[in-house]
């Protein structure tokens, strides 16, 4: 038996699920992650819609109603200054969300640019980037950010400055991971092939390297939101974060903390919202990690 | 005599995303003491799952049915504690990858001692002495000292010896070896197979040898089970399977593999298609879609495994009787494509233009050591002053084991820059003199196809974009690109409808075709092929090899074909160069080198390769090299091969002084045949 | 190895010098020590104040570069880290406060590490079983809660426990308080004050580490050598403890080494919530009542702790991993 054609296995390939479909399916099977995703969407919607529907705005002072327990007039009570805790919590949540997302996007951008550059080009660019990473990591970020915030923040710019600083001191770990992943991708055959077909380096990075570590970047972006929100809270707790009259969950918790044992409502409302928010973000991050990486089984950031 | 191990109607099923994976469906066999049964199959055929089922080491999610009895005692359904007292004591296992199979933080000695102490009451000191004995038995030099080493201080072959020592430690009744030599080089494979045989002899154990390499089977097995899509499709003695196969799949496997002892003037018969997924099996014989003999009954009912004329030879095929009565061979069953010959074929070599020339090419790099703190401990002479030239329209094969420098040579060429020393000349232009622009322009003329089809194409790009990428890099117009991509798809035997699919939808063979299409996009004159078929399942290799041969004929391409598989090289190449530790030790016209290998290394290399023919394997005298490849940073003085050279051992001291004193240079030993050996003599090893 | 560590150390010294200098400029330019006296009544005589601030190298009328050089000279020649705006010596402050921080952190950190490793390893072997889900869920809750919220929540709980039992079991303000005159009363009082913050720290540390350890353990459970150990005849639990856990401890070792070294400065929130006058509280005070030298000293000290942590991590991994030790 002899035929003229050379064709071998051109029979229609077996049907397989596309990668994105498979990822979605794996994600949806993880109940925690789905609950988390719904939670985030719900919280974002609340942050956008409800401020206009509430009887009080976050910076309004109800004279004569100081430190009032929750009642019909103020559903979650008032603060020492007579501001409505519910309105402040909702506003604080939207501040925290904005800060969280801004920081996450910024730091992921910085880390993937620098990490991939260091690994792909090697030599002096790698040396200098690694040196900068060491420099940024040698002092706990809290100290530096606190000093700068103390000196330079004003009530108007405080949240933005805080977000920029958190991003500026938050990219190093991911950049290291991106670098080591790029190092392993750099000698992958499709990257070599692209090089040998004459593609310029920036195109190789943008087209072949970053898309192939996108699962890490997506997970990192998600978890970064949670870390940024927690970091914001921490700095605001000491008064180095968002400044009054602007309000974040951190400033509100901080205000409540001093009176937590006697006037617990000021403390507990924002604290509960914060924990729910961060848990949702982390659940989504963990769920994405499991869904994107078939080898990963679950859990935190090692 | 009653069988020591008896498997009856074994079924193993796993859950998965896409549905239940029926990994093994109805496997039965009996194994006698001292006998070896080989289970042969491609990836996904269920052969490894079987071994884990016998060991009771399958994941908890697996459902196992049937019966496995060891000396009459049922193993399925035993508690894990009960199985633990059997594992390592009565059934021992040697795993495929010795790199990851040993715990990195304990010494070799400790790990063997542990194996002994679990099952026998002895003191730690006694166990240590026994461990040293075992290491000696498997051929580890200086075992008392080496027992204190950690796994990372051992080479792959040495680690596999340690695994075998562990397997024989408690005198088992059955040894299961799961692809024991797949991760090793051929000369090391030959050593390890010898050690495995020795271990079996000393313990008197029965052995299950799981492999995809038919050559290994021919030399080592008494009985063979061929598996396909989780099912045994043919069972019998090794002679039954190799000389009287009746299942088309077995026939195809045996017939489509390039053979070391056959010259490759004709195209290989082709086994079309790929093995099915065991998740969603269509009714009927799983091989039917690929079987040229299949008819409607094959496609609707799955045949049972039934005895043929000889009761021990059993086949699952409706066509078995027809095949045996009419004496069909693979040529009768499988199509052999016609391959166009090149316009240069008739032109004598000397009159053809030289397209690629390496002269005194050298690449040395620092050998770094240390995980935390890296330091240079020596210089690796990866490529040490080699000369090589390729003429238009010919294929030059570059063979060698890992560490020989063949891949480094190839990467050096592809860099298109000035080498450390020596020169690379492509189409008459010295790469050292190229400007940036000229270098980019030169990339049009020389392209590459890589080994691993999984890694060679970006998994996140559709096929169209992958093939179009080099065209885009050279600023071709959009309409032009589109036309060219569809032409290329056609050229490599893919369909236009494949253009918008992603690589993961394709089989390994098809992905390799995508890689070839991309390499051809710019109409290169030279194609560098880095192990283009070694990562493919055996039944798929033939199609890709034929395609490459056909393209060469049609397009007049010149190939530099790098491979470790000498059988493939014999089939595809016109000339061959053998590398050892950065140098070419023998080079010449293919048939000349294969029939009259003159360098002792070439002889050993060819002798180490198992041939899929039990009769030939039984009568062959094998040259087994001693020891490992020396550290490339610290090779022996003079001839780098002398530390392992069987010839050197036979020389008198004055002659040995010559080998130690100076490195031999390539000198002619026949028409277009040169060898670098002071005392080379042609020898027939095949 | 020694040469390698020396080289790394030298690099770290340079980095530390640059970072601390940068913080000096930041702190000195934004924290004006004069502010401490602005609210004094009666006001301090400007001439006297200038002279005083000048003596302590805190006068904002002196160019900042000059102040920096004076400070630098003090540090390098006399190990003098400068004075606060009220004339206290920063060296004294830091050397007292760091031990306060350590006393607060020590037990909670150590216990948290041990509990975290055990819980992480144990839950990994029981992946997706109810006990695993319960522990990992609780750990996630703790990790997602800021430590000061945990601290405050624990205080609210403690008040209720105290009230309910009628005995003051938990004390949570400061390091020591009123105590009886029986033998060991001082010691017991300190322990009582330490109980609640230690529990909080333990919880935080254990939750964090258990998540890391569980992941590492899951990875190493899938390794071939664990299968080899099982194939030798080791029962599952033994193969897991001896082979999987031992290898999974290598990365944990580096983390533990790091957290031990940074214990001195680690707990800003806990110190603040439980009113422990440690280094973290000192830093915050130094920012609030402008004390640039205090800020810089704490920063430098933290940097040294980080460097020690990094080097301890290297040593830990060398001890735990023969590939690094001998490779």
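Protein chains in written order, with this note's numbering: chain A, 1 to 302; chain B, 303 to 988; chain C, 989 to 1315. Beta carbons are placed, not taken as given, at the ideal position from N, Cα and C, and that holds for glycine. Please read all numbers here as calculations on a predicted model, not as lab measurements.
With respect to the C-alpha of residue 863 of chain B, the residue from B:711, B:688, B:528 having the closest C-alpha is B:711.
For residue 399 of chain B, there are no neighbours in chain A by C-beta distance under 8 Å, as the nearest C-beta there is about 16 Å away. Where residue 174 of chain A is concerned, the enclosing alpha helix (DSSP H) starts and stops at 172-186.
Sequence-distant partners of residue 324 of chain B (beyond 5 residues in either direction) whose C-beta falls short of 6 Å from its own C-beta, in its chain, are 315, 532, 580. When Cβ-Cβ separations below 8 Å define contact, residue 1000 of chain C makes no contact with chain B. Residues of the region 1132-1148 of chain C that bring their beta carbon within less than 7 Å of a beta carbon in chain A comprise 1132, 1133, 1134, 1136, 1137, 1140, 1143, 1144, 1147, in sequence order.
Interface flag for residue 194 of chain A against chain B is set, since a Cβ pair is found closer than 8 Å.
By the neighbour-count criterion, in which 16 or more other beta carbons inside 10 Å mark a residue as buried, residue 780 of chain B falls on the exposed side. In the three-state reduction of the DSSP assignment, residue 863 of chain B falls in the strand class, which pools E and B. Under the three-state reduction of DSSP, residue 678 of chain B is assigned to strand. Sorting C:1251, C:1100, C:1109, C:1250 by C-alpha distance to the C-alpha of residue 1130 of chain C places C:1100 at the top. Scanning its chain for C-beta atoms nearer than 6 Å, with the 5 sequence neighbours on each side dropped, one finds around residue 659 of chain B the residues 691, 727, in chain order. Counting only Cβ-Cβ distances below 8 Å, residue 349 of chain B has no contacts in chain C at all, with the closest Cβ about 16 Å away.
Nearest CB-CB separation between residue 1007 of chain C and chain A: below the 8 Å threshold. For residue 310 of chain B, DSSP records a beta bridge to B:369.
When C-alpha distances from residue 898 of chain B are compared across B:957, B:374, B:971, the shortest belongs to B:971. Note on residue 1057 of chain C: under 16 other CB atoms within 10 angstroms of its CB, so exposed under the neighbour-count rule. Residue 745 of chain B belongs to the set of residues whose beta carbon lies under 8 Å from a beta carbon in chain A. For residue 432 of chain B, the enclosing alpha helix (DSSP H) stretches over residues 426-439.
In the three-state DSSP reduction, residue 715 of chain B falls in the helix class (H, G or I). Between residue 228 of chain A and residue 103 of chain A, the C-beta spacing is below 8 Å. Every alpha helix (DSSP H) stretch that sits fully inside the region 200-226 of chain A and reaches 4 residues is listed by chain position as 201-204. Among the residues of chain A, none has a CB under 9 Å from the CB of residue 1092 of chain C; the nearest is roughly 17 Å distant. With fewer than 16 other beta carbons inside 10 angstroms of its own, residue 345 of chain B counts as exposed. Listed in chain order, the positions of the region 186-213 of chain A with a beta carbon within less than 9 Å of a beta carbon of chain B are 188, 189, 190, 191, 192, 193, 194, 195, 196, 197, 198, 199, 200, 203, 207, 208, 211, 212. Considered as a whole, the region 682-759 of chain B harbours 708-717, 738-744, 755-758 as its complete alpha helix (DSSP H) runs of no fewer than 4 residues, in chain order. Flagged as an interface residue toward chain A: residue 1291 of chain C, by a C-beta distance shorter than 8 Å.
With a cutoff of 8 Å on beta-carbon distance, residue 744 of chain B and residue 718 of chain B are scored as near each other.
Scanning chain B for C-beta atoms nearer than 7 Å to the C-beta of residue 1057 of chain C yields nothing, as the closest lies near 36 Å away.
The beta carbon of residue 236 of chain A sits closer than 7 Å to those of 242, 248, 250, 251, 254, all from its chain and outside the five residues before and after it, given in chain order. Note on geometry: alpha-carbon atoms of residue 1284 of chain C and residue 930 of chain B lie some 59 Å from one another. Taking residue 514 of chain B as reference, the option from B:725, B:522, B:569 with the minimal CA-CA separation is B:522. Relative to the Cα of residue 516 of chain B, the nearest Cα in the group B:553, B:503, B:500 belongs to B:553. Contact between residue 740 of chain B and residue 666 of chain B is ruled out by a C-beta separation of about 27 Å, above the 8 Å threshold. A residue is called buried when at least 16 other Cβ atoms come within 10 angstroms of its Cβ; residue 234 of chain A meets this threshold and is buried. When only Cα atoms are considered, residue 932 of chain B and residue 938 of chain B end up about 8 Å apart.
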